[in-house]
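**Student:** Below is the structure I would like to discuss, written out as structure tokens.
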Amino acid sequence: MDYRALPTPEKPYDKIVSIEMLEAVGQEFLGTYFACIDRLLKKEGGIAVFQCITMPEGRYEAYAKTEDFINHYIFPGGHLPTITQLLNHIVTESKGTLITEKVENIGGHYAKTLRLWKEAFMRNFDATIKPALLKEHPEMSEEGVDVFRRKWEYYFTYCEAGFATKTLGDAIITVGREGALELMEGIPL
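For the sequence shown, our numbering gives the first residue as -10, with consecutive numbering after it.
Shown next, in the form of structure tokens:
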């Protein structure tokens, strides 16, 4: 279901968690997305956590003007916002009622994750991935299969390098409304 079509619940949500969603929302709809979060989250004590791949502030302007490998081949239409853009939209769309509790960049951990994903992808390609790919696309040639494999191998390597060098970020932003005592007490979400 499209997040913009979610009905306002009779009883708003206590907590909302958003993982790998903001990149797909696009720059033009970030405000709309956070306005929906504001509408769906309870007005007193509500907590939201957002995880998003981000672009560093200093690289954003150049990034926004170009199409890179990921935008072209992996996530067409995807957009990596900056942490500042996310925080500004959160404040604006909630009219200041979502208070930032914590911003954490876990990009270094994500570099390791991508390396492990690539290793698993390569280890399982011939026995599992290739047969499943050919079953779904029987018209695919051996050359097409090889292009698919190399594209994903490159994607994993490209992203691992991006996170390891901090040219990509992976932010976790935790916000809460007034009265969000769980955040104040350090109780794990």
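Glycine included, C-beta positions come from ideal geometry on N, C-alpha and C.
#1: Return the chain-ordered ranges of every alpha helix (DSSP H) run that is complete within the segment 41 to 96 and spans a minimum of 4 residues.
#2: Determine which residues share a DSSP beta bridge with S7 and list them.
#3: Buried or exposed: where does T71 fall if 16 or more other Cβ atoms within 10 Å of its Cβ makes it buried?
#4: Beta strand (DSSP E) containing D159: first to last residue?
#5: In three-state DSSP terms, what is L30?
#6: Given that a residue counts as buried once 16 or more other Cβ atoms are within 10 Å of its Cβ, and exposed if not, what is T(-3)?
#7: What are the boundary residues of the alpha helix (DSSP H) that includes P120?
#8: Among D135, Y147, P127, I79, whose alpha-carbon lies nearest the alpha-carbon of F114?
#9: If you count every other CB in all the chains shown that lies within 10 Å of the CB of M(-10), and 16 or more means buried, which is it?
#10: Are the segment 44 to 52 and the segment 12 to 19 touching, with three or more C-beta to C-beta distances below 8 Å?
#11: Is the Cβ-Cβ distance between V164 and I95 less than 8 Å?
#12: To the nearest angstrom, how far is it from the Cα of A51 to the Cα of D57?
#13: Taking the alpha carbon of A13 as the reference point, which residue from Y22, Y147, I5 has its own alpha carbon closest?
#14: Would you give the residue range spanned by the alpha helix (DSSP H) that R139 belongs to?
#15: Would I5 pass as a contact of A37 if the rule is Cβ separation under 8 Å?
#16: Just the Cα atoms here: how many angstroms apart are C25 and P65?
#17: Got a sec? Which residues, its chain only, sit under 8 Å from T73 by beta carbon, not counting five neighbours each side?
**Tutor:** So, from the data block:
#1: 46 to 53, 72 to 82
#2: If you number the sequence shown from 1, residue 7 lands on position 18. According to DSSP, which records beta bridges pairwise, S7 is partnered with F39.
#3: Taking the first residue of the sequence shown as position 1, residue 71 is located at position 82. Burial call: buried.
#4: Translated into positions along the sequence shown, residue 159 becomes position 170. Its beta strand (DSSP E) spans residues 158 to 165.
#5: Start at 1 with the first residue of the sequence shown, and residue 30 comes out as number 41. Of the three classes helix, strand and coil, the one that applies to L30 here is strand, per DSSP.
#6: Counting from one through the sequence shown, the residue named residue -3 turns up at place 8. Classification of T(-3): exposed, given that the 10 Å Cβ count is below 16.
#7: Taking the sequence shown and counting its residues from 1, one reaches residue 120 at position 131. Element bounds for P120: 119 to 125.
#8: One-based indexing of the sequence shown puts residue 114 at position 125. Among D135, Y147, P127, I79, the Cα nearest to that of F114 belongs to D135.
#9: The residue labelled residue -10 in the question sits at position 1 within the sequence shown. Exposed, because fewer than 16 other Cβ atoms sit within 10 Å of the Cβ of M(-10).
#10: no
#11: In the sequence shown, counting from the first residue as 1, residue 164 sits at position 175. In the sequence shown, counting from the first residue as 1, residue 95 sits at position 106. No, Cβ-Cβ distance for V164 and I95 is not below 8 Å.
#12: As a position in the sequence shown, residue 51 is number 62, starting the count at 1. As a position in the sequence shown, residue 57 is number 68, starting the count at 1. Their Cα atoms are separated by approximately 11 Å.
#13: Taking the sequence shown and counting its residues from 1, one reaches residue 13 at position 24. Considering only alpha carbons, the answer is Y22.
#14: Counting from one through the sequence shown, the residue named residue 139 turns up at place 150. Note, R139: alpha helix (DSSP H), 131 to 153.
#15: Taking the first residue of the sequence shown as 1, we reach residue 5 at position 16. Taking the first residue of the sequence shown as 1, we reach residue 37 at position 48. Cβ atoms of I5 and A37: closer than 8 Å.
#16: Translated into the one-based positions of the sequence shown, residue 25 becomes position 36. Translated into the one-based positions of the sequence shown, residue 65 becomes position 76. Distance between the alpha carbons of C25 and P65: 24 Å.
#17: Locating residue 73 in the sequence shown gives position 84, counting from the first residue. Hits under 8 Å: E46.
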